[in-house]
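Residue numbers (the working numbering), protein chains in the order written: chain A, 1 to 410; chain B, 411 to 694; chain C, 695 to 1002.
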Amino acid sequence: MVRPKPAGQSMTATVSISSIEKNFGATKTLKGVSVDIAAGEFLTLVGPSGCGKSTLLRILAGLIPQDGGSIHIDGAPVDHLPPRARDVSMVFQSYALYPHMSVRENIATPLKVRRLSSAARWPVVGRMMPGQAVARAAIAEAVNQVAGQVEIEALLDRRPAQLSGGQRQRVALARAMVRQPRVFLMDEPLSNLDARLRVHMRGELSELHRRLGATFIYVTHDQVEAMTMSSRVALMMDGEIIQVATPSEIYANPVDVRVARFIGSPEINLLDARADQHGHVSIAGRTTAFRSDTVGPFTIGLRPEVLAIDDGSSEIVIDSRLQRIERLGHDVLLHMRHDAGSKKSMTLRVSAAELDALQANGRLNENVAVGARAGSALLFGADGKRLPGLHGAAPPELVAYGLGLRAVGA
Amino acid sequence: MSRAGSFLSRAGLTPGQLTMHAVLLACAFAMLFPFYWMVLTAFRPSPEVFSATFHWLPQTFAGIDNFREAFAKAPLLRFMTNGMVICAGILAVQLSTAIPCAYALAKYEFRGRNLLFALVLFALCVPVQVPALPLYMGLAFTGTLDSYFSLMLPFFLSVFAIFLFRQVFRSFPDDIIHAARLDGMGELEILWRVVVPSASPAIAAFAVFSITAHWNDLYWPLIVVTSPELAPPPLGMMYFSDSDLGSSFGALMAAATLLTAPLVVLFLCAQRHFVQGVTMTGVK
Amino acid sequence: MAMVLSSGASRAVSRRRLGAEIAPAVAYWFATPSVILLVGTLLLPIAVMVTMSFTDYELGALDYSFLGFDNYATLWKDKAFWRALFNTIYYVALVVPASVVIGLLLAVMVNGLKHGRKLYQIAFFLPVTSTLIAMATVWKYLLHGTIGPVNHLLTAIGLPAMEFFGNPSLVMPALAIIGVWSLAGFNMVLFTAGLTAIPQELYEASAVDGIDNPIERFFTVTLPMLGPTTMFVVITTSITAFKVFDTVAVLTRGGPQGASDVLLYVNYLEGFQYMRIGLASAITVVFLGIILLLSLIQAKVLERKVHY
């Protein structure tokens, strides 16, 4: 049923997900999700809880059936295959280790099921079946090797209950690795670890991916995990993939305001803006010298780090009041209130040195103007879709005396 | 005196605690007195039994005689073997039918699941005395009365086991079942090699519960068994006490001691499971 | 024609089994052995039993006729049946309060101990596991009119000796003593489980509120918190007590003068000794009705316990 892999075959494959749909009763959990994953890629499905990312992963593994669409692995459809025949392995959020088996038996199980006859797998009597010595030796060898890779050789004879969270995590990884699947599926594998261990395991997982060269599909709600490990990030919301892009691209160029809000911490600042019929843009009722391609209300997004206390050189200026200073060590967050949005609060990220300089200059008053460069602004339409950026300090018909105007304005 | 008092209170033996111990010891004495009296009488000669004076210990030791008489009067070992065969047979069938059914109810979606579960809940309330008459007639018509099979038949299905194991299996993480499917195990293998081992405390608790119930059952054996060589311990005990008991209380108590001993030993060894079993009936 | 074909084909595609789906057959295979037993040893016999309660069938008879409710009417007029029902209820009324209160007190006292809890639990639970028939013969001896130690004790403190199993007014209390003895430990364990579920903070809060008398604490904290458990124990014990049979069958056989006839024993005699199947079935239906009623109350109590 499952072909033994020829030696040397690289354990990697493309995965193609096309228009997957899934309903649980009346709720549409997945609404036609499509994404293609290249061989050896580390793709992260990220999104808030309940967005359907774990469901998609389970459909990929063959653990739950989809209601529509299909999955191809290495170009071949796998929808009709049971989980065991799809040649994928999975690391679960709860690790899902077999509680009554030792670590060694846990890791060996996927190989035993595949390589030993069902009679030989019976407890006690199975060992007496003839002709399995070679297979058993090979399994033992593979278990030892993979245990070495994740550094759990010393734990092989323990039960899962005797292990710490991080150690269980490694056992789950080893069990997934031991049969050298074409695709690794990981369902929030780090979310049950404490903060320090999580940071450490992020590094280890990236390193593991680099070493194995396998295709990883990784589900998380933690955007930091998504940004730090993946080659590409697929952001899911409400049963749909909104954007698939590299981490830097998805941060710098979100296609939707929901993406902009989900990615980045602290969250992006969203301000109400409006363009008159000529395209002249005003933010919080204060006119700017910029134009947009749309007319009417829209939203302008400014990341905390592109904002600064205005020193007179900013292209966009927002009046606000300082509410609270939050020191994070090297960085400082300034929480401001303003009147230019439904949220009315705004966060700036500045370095501690800048803050000290501001305080020394006496420029950090209760009422301060916050400024940013126009090029750093992300524009989103009323429907949340991304708009082209602000442009042209002056409208075309004013070009002739634009300089003069500016001189007057200054 | 005060030093002794401080020592006692350091050991947690405050006056309140000591009072409770005194009361509980008195209760324990009352509860255990029948056992004491049973064993005591088993070692007493007949005249002592019938004397009107009360003694804490046998004045003359007649243990061997009483037990020899008990063995001579009735096949006590045979009764106990019957008890073991019946309990083992019932338990084996109960486990091998109830476990898959409970797993299906707990983890699969199928048409009729709710109906089946409702029937299990109904059956949970029905004591064996209710279907006893038709079962007896069925056995009589098929000529299978007075056999081990007839002794075991009404108990092959344990809806209590189905109910209990369903509760236990429901709390078994789906992720582990998923992991096993990905690892390549079939459904039957997942059940017996992954799910059942982790339910072993519940299975042990049910096992002692089942063994106790059927070792001690009198009603059904009384109905279907007519040959003394098939009698389980309670029925054997009844035969024994019916035969000319007046003369030999000592032998009767010796027989009672022997027939009670296996379960008392089982209880003392698997005491934790007994308590768990009771608590689980409370949970149901 | 072509349209029909294509629609059939598309349905075939949409019905195509996905690998992730567990075939429903697996679930049915798993449930089948139990379903066969459930139907064969329980549902079918109950249906037959209910049907026979409307007939005059007697075991070995070649034919029988339907009587409608005649059997029930016979029971209604039968003094022996009412006496058995009354005796059973009397037994329940004696056993339930005593075994519940003793179980509760034992549980509370054992739970309050610092040392030796396990030993006491073993001692009190031992009667539950021991073979009741064997112990019943011991009890018969203990309560024996002339040589029983209980009577030794009674005469020692100046009371008259009592013939427990020979006196019609003493036989049910004597059986009840055995019943309480064999059930109190069971109830104790149930109460212990209920006690361990009471949060320690409640006791600390009551101590802060100034309740330091253990008896006052028992009535203000422990007992109210054990309310649902107590209801459950009362009904479970009622059901068990209602099924009293073993001690009657081995010790009194309904005697003396029918003073210890209980429902199940009468049922046993009618069905398996006198072979009057129709009448015995009618008694069984009444018995089942009472048990189901108690079970229904139990289910309601449990439902409330979940919300508690």
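Cβ coordinates follow ideal geometry from the N, Cα and C atoms, glycine included.
Computed from a prediction, not measured in an experiment: that's the story for all the values here.
In the DSSP annotation of this structure, residue 851/C is not part of any alpha helix (DSSP H), being labelled neither H nor E. For a cut-off of 8 Å, the C-beta gap from residue 167/A to residue 155/A is around 6 Å, short enough to register as a contact.
Of all residues in the segment 510 to 540 of chain B, none comes within less than 9 Å of chain A when Cβ atoms are compared. When C-beta atoms of the segment 442 to 462 of chain B are compared with those of the segment 796 to 811 of chain C, fewer than three pairs fall below 8 Å, so the two segments do not count as touching. Residues of the same chain with a CB within less than 6 Å of the CB of residue 282/A, apart from the 5 flanking positions on each side, are 274 in chain order. Residue contact with chain A for residue 608/B: present (Cβ-Cβ distance below 8 Å to some residue of chain A). Going by DSSP, residue 937/C is part of no alpha helix (DSSP H) at all; its letter is neither H nor E. Take the alpha-carbon of residue 817/C and the one of residue 793/C: they are about 16 Å apart. Rounded to whole angstroms, the separation of the alpha carbons of residue 978/C and residue 22/A is 52 Å. Pairing residue 304/A with residue 185/A, the inter-Cα distance amounts to about 34 Å.
Residue pairing of residue 347/A in beta bridges, as defined by DSSP: 335/A.
Under the 8 Å Cβ criterion, the segment 898 to 911 of chain C does not count as touching the segment 957 to 973 of chain C, having fewer than three qualifying pairs. With respect to the 8 Å criterion, residue 290/A and residue 387/A are not classified as neighbours on the basis of their beta carbons. Within a 10 Å sphere around the beta-carbon of residue 161/A sit fewer than 16 other beta-carbons, which makes this residue exposed.
At a cut-off of 3 residues, not a single continuous stretch assigned as beta strand (DSSP E) sits fully inside the segment 922 to 962 of chain C.
When the beta-carbon positions are compared, residue 823/C and residue 677/B come within less than 8 Å of each other. Chain C places a beta carbon closer than 8 Å to that of residue 626/B, counting this residue as a contact. For residue 588/B, the chain A residues whose Cβ falls inside 8 Å of its Cβ are 58, 61, 63, 83, 90, 92 and 96, in order along the chain. Using a Cβ-Cβ cut-off of 9 Å, residue 925/C is close to nothing in chain B; its nearest Cβ partner there is about 12 Å away.
The beta-carbon distance between residue 660/B and residue 491/B, rounded to whole angstroms, is 24 Å. This is too long to meet the 8 Å contact definition. With respect to chain A, the C-beta atom of residue 663/B has no partner C-beta closer than 8 Å. DSSP places residue 101/A outside both helix and strand once states are collapsed to three, so it counts as coil. Neighbourhood of residue 437/B in chain C, by CB distance below 7 Å: 800, in chain order. Taking the beta carbon of residue 728/C as reference, the chain B residues within 7 Å of it are 507, 508, 511, 567 and 572, listed in sequence order. In terms of beta-carbon proximity, residue 136/A stays away from the interface with chain B, with every pair separated by 8 Å or more. Contact annotation: residue 116/A and residue 140/A have beta-carbon atoms that are not nearer than 8 Å.
By the rule that beta-carbons nearer than 8 Å mark a contact, residue 940/C touches chain B. In this model, residue 634/B and residue 546/B are separated by some 7 Å (Cα to Cα). The Cβ of residue 337/A sits no closer than 8 Å to any Cβ of chain B. The three-state reading of DSSP puts residue 171/A in helix, counting H, G and I together. At the C-beta level, residue 239/A and residue 379/A stay beyond 8 Å of one another.
About 5 Å separates the Cβ atoms of residue 504/B and residue 571/B, confirming a contact at the 8 Å cut-off.
The distance from the Cβ of residue 928/C to that of residue 786/C is about 10 Å, inconsistent with a contact at the 8 Å cut-off. For residue 151/A, same chain residues with a beta-carbon under 8 Å away, outside a window of 5 residues either side, are 170 in chain order. The C-beta distance from residue 42/A to residue 216/A rounds to 4 Å, short enough to meet the 8 Å contact threshold. One Cα belongs to residue 758/C, the other to residue 543/B, and the distance between them is close to 16 Å.
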